[in-house]
Amino acid sequence: QNGDGHCWAYSTGHAMMMAMLRDTGSTPRLNPHFVATYLKRFNGGWCGASAKVGNEVGYLVEGTGADEWPLHSNNTSLINQSRLDAAAKYKVTEEWRDLTREIWDQEQTAEQLATCGFNNTPAPSDFNWWGHSVCQLRWVRIEKGSWGPLILNSWKGWGRHGLAVLRGSQATADGAVAVRS
17 QNGDGHCWAY STGHAMMMAM LRDTGSTPRL NPHFVATYLK RFNGGWCGAS AKVGNEVGYL
77 VEGTGADEWP LHSNNTSLIN QSRLDAAAKY KVTEEWRDLT REIWDQEQTA EQLATCGFNN
137 TPAPSDFNWW GHSVCQLRWV RIEKGSWGPL ILNSWKGWGR HGLAVLRGSQ ATADGAVAVR
197 S
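Letter by letter, the sequence shown follows residues 17 to 197 of the working numbering.
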C-alpha cells in the first residue's frame, strides 16, 4: 500500500488474488493502485467501490510492461485503452453486494461473512473503528465458543506475514462484499 490510503482497493485486489489462487492454484500479482488511481485519483474509499470497478473495469497485473501497472503508481497519465483492455482480463466475475445500496453503504451480516469465511470465499471488509479495509480470508476458531475472521492486511510488516485474527467487537465489519474472480 506504500502509505497511500488505498486499502479499500487492496482489500478487493487481495480477495481476487486469493479466489484465483483457490480456484486455479496460481495467480498473477494484481496492482490495486491501478483501481484506486482509475476510480478516485486520491486517497480513501470503500471496498464496495473497488469491487464495482473490479467488476466493470478489472485490475491490472503489477509490472512495468505496456499493459501492466507500475508498483505504487498513482500516475493518471498511464491510463489508456490498451491498459483498460488488459484490465478486463482480471475482473470480479461474481460479487455479493446489495445493488440497492450505495458503494459506501455495502453491508453483510456477521452470519453472511462467517458463511463466506467457512466456504473460503474472500470478503473485502471495511472497519470504521480502524478507518481501514482488509480482506477476510477465513472464519477461524479462536477458542471454544469463539470465532473470528482471519484477515490479510495491506500494511507492510503488519501481523504475521500480514495475517491476523480479529476478535470481539473489532471483528464486526461495517461494510463488506464478497468476490469471485
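The C-beta atom is built at its ideal place from N, Cα and C for all residues, glycine as well. None of these values were measured; they are calculated from a predicted model.
Nearest to G29 by alpha-carbon distance, out of T40, A52, N96 and Q128, is A52. In the structure shown, the three-state DSSP call for S162 is strand. For K172, the number of other beta carbons within 10 angstroms of its own is below 16, and it is reported as exposed.
By the CB criterion at 9 Å, R45 and V77 fall inside the cutoff.
Annotation for V181: the continuous beta strand (DSSP E) segment containing it runs L179 to V181. In this structure, G133 is the residue among D190, G133 and G191 with its C-alpha nearest to the C-alpha of V181. Following the DSSP letters along the chain, one finds A139 inside the beta strand (DSSP E) bounded by residues A139 to F143.
The three-state secondary structure of S149, taken from DSSP, is strand.
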